[in-house]
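First residue of the sequence shown? That's 89 in the numbering used here, and the numbers climb one at a time after it.
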Amino acid sequence: MGYQVSSESGRAIIQAQLRANIKLAPLAFAEQMLEKDLHNYKTSPQNSVVVFDRGIPDTLGYLMSVGEQIPKHIKRVAREHLYNQTVFVAPFWPEIYEMDAERKQTLEEARETYEIMREVYVQLGYSTLLLPKVAVNERVDFVRNYIKNF
89 MGYQVSSESG RAIIQAQLRA NIKLAPLAFA EQMLEKDLHN YKTSPQNSVV VFDRGIPDTL
149 GYLMSVGEQI PKHIKRVARE HLYNQTVFVA PFWPEIYEMD AERKQTLEEA RETYEIMREV
209 YVQLGYSTLL LPKVAVNERV DFVRNYIKNF
């Protein structure tokens, strides 16, 4: 079985903003996230397992985290383009959290974002499976071992 990992759209958009020295308004940022994640969803190969680093529901969570109303079309896209029933969630892990050029949230904002994102997936009917707080290679093994059972 082949594996493919889809990149995180939000980080790519932030990198493009930094290069262009611009900052999108939250709704414009969310629309770009949705466009990229919908493209990744629609173009993912059907003959292999694809692990998405973020997905369409994250657009809803982002808008909630910045206090924006979620447009109906974004809710509709999230309901119509479903992933596997089980979604891996990286737990809030303060000991390894680091801010960088794209990640500017405080530790408290990161915790709140984690809680919002997890709740969005649950509200959309997904079952969330927390990744263990272990080294990256062990988390990869955890995901691979889980996927083998499909």
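Glycine included, each C-beta is placed from N, C-alpha and C at the ideal position.
Go ahead and pull the three-state DSSP assignment for THR194. Residue 194 sits at position 106 when you count from the first residue of the sequence shown. Here THR194 sits in coil by DSSP.
Taking DSSP's pairing of strands, which residues face VAL175 in a bridge? Stepping through the sequence shown from its first residue, residue 175 is reached at position 87. In the DSSP output, where bridge partners are listed per residue, VAL175 has THR216.
How far does the beta strand (DSSP E) with PHE140 in it extend, from its first residue to its last? Start at 1 with the first residue of the sequence shown, and residue 140 comes out as number 52. Segment 137 to 140, the beta strand (DSSP E) holding PHE140.
Let me check understanding here. Comparing Cα to Cα, which of ILE110, GLY149, GLY98, GLU156 lies closest to ASN128? Taking the first residue of the sequence shown as position 1, residue 128 is located at position 40. Nearest C-alpha to ASN128: GLY98.
Is it true that the CB of TYR209 sits closer than 7 Å to the CB of VAL175? Here the question's residue 175 lines up with position 87 in the sequence shown. Here the question's residue 209 lines up with position 121 in the sequence shown. Yes, these two residues count as a Cβ contact at 7 Å.
For GLN173 and ILE235, I'd like the C-alpha separation in whole angstroms. Translated into positions along the sequence shown, residue 173 becomes position 85. Translated into positions along the sequence shown, residue 235 becomes position 147. Each residue's alpha carbon lies about 12 Å from the other.
So, for ILE101: in the same chain, excluding its five sequence neighbours on each side, which residues have a beta-carbon less than 6 Å away from its beta-carbon? Along the sequence shown, read from residue 1 onward, the residue named residue 101 stands at position 13. So the qualifying residues of the chain are GLN120.
Under the three-state DSSP convention, the category TYR150 falls into: Position 62 of the sequence shown, counting from 1, holds the residue named residue 150. TYR150: helix per DSSP, three-state reduction.
Environment of GLY143 [buried if 16+ CB atoms lie within 10 Å]: Working through the sequence shown from its first residue, we reach residue 143 at position 55. Result: buried.
Look at the alpha carbon of THR147 and the alpha carbon of ALA116, and state the distance between them as a whole number of angstroms. Position 59 of the sequence shown, counted from the start, is the residue given in the question as residue 147. Position 28 of the sequence shown, counted from the start, is the residue given in the question as residue 116. Each residue's Cα considered, the two are about 11 Å apart.
Thinking C-alpha only, which one of GLY149, GLU200, LEU112, TYR171 is nearest PHE180? If you number the sequence shown from 1, residue 180 lands on position 92. When each option's Cα is compared against that of PHE180, the closest is GLU200.
By Cβ distance, which residues of its chain are closer than 7 Å to LEU126, with the 5 residues on each side in sequence left out? Translated into positions along the sequence shown, residue 126 becomes position 38. The answer, listed in chain order, is ILE144, VAL165, HIS169.
For the candidate residues LEU217, PRO133, ALA178, whose alpha-carbon lies nearest to that of ASP141? Start at 1 with the first residue of the sequence shown, and residue 141 comes out as number 53. Residue ALA178 is the option with its Cα nearest to ASP141.
GLN193 to THR131 span [Cα, whole Å]: Numbered from 1 along the sequence shown, position 105 holds the residue referred to as residue 193. Numbered from 1 along the sequence shown, position 43 holds the residue referred to as residue 131. When rounded, the distance between both Cα atoms is 31 Å.
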